[in-house]
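K.L.:
Quick note: the sequence shown uses my numbering, first residue 195, plus one each step.
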Amino acid sequence: MITKKSKLQDVLTNWKNPVYRKSIPGIQIHHFAVNGPYQAQHLGQEMMYYVFLFIKTALLSNIGACLITVQSEPDVRGFYESLGFCHTGQVRDSNVSMAIPTNEFFID
């Protein structure tokens, strides 16, 4: 859910998307991680590029999702922010809910 204090609320309002905050169709990325010895080598960004490419070419045209979401552990929130994800205003357990609107999703 996108809370009213989230920057995403304004993005969705300005987009004039005809969906309600409580029923936004989205794609959720689960369990994305890079093993410790391979971290800090930009492998996560490269893998996420291919995840985004798959979402753009194989999923978006078929399901019409408005958001791509992740549940981020607090220590990797900066990684997702560097990819364009924003905090939704919701926290689950210790994880931070983050999302990127698909209309801001550009992969060539």
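We put the CB at the ideal spot given by N, CA and C, even for glycine.
Find the nearest neighbour of S255 within the set I221, A293, M292, judged by alpha-carbon distance.
P.N.:
Checked all of I221, A293, M292; the closest Cα to S255 is I221.
K.L.:
I'd like to confirm the pairing. Which residues does DSSP put opposite G220 in its beta bridges?
P.N.:
Looking at the DSSP assignment, G220 forms a beta bridge with L261.
K.L.:
For the candidate residues I262, S291, L247, L277, whose alpha-carbon lies nearest to that of H236?
P.N.:
Checking every option, the nearest Cα to that of H236 belongs to L277.
K.L.:
Note down, in chain order, each residue of its chain lying with its Cβ closer than 6 Å to the Cβ of I262, except the 5 sequence neighbours on either side.
P.N.:
Here the set comprises I221, I294.
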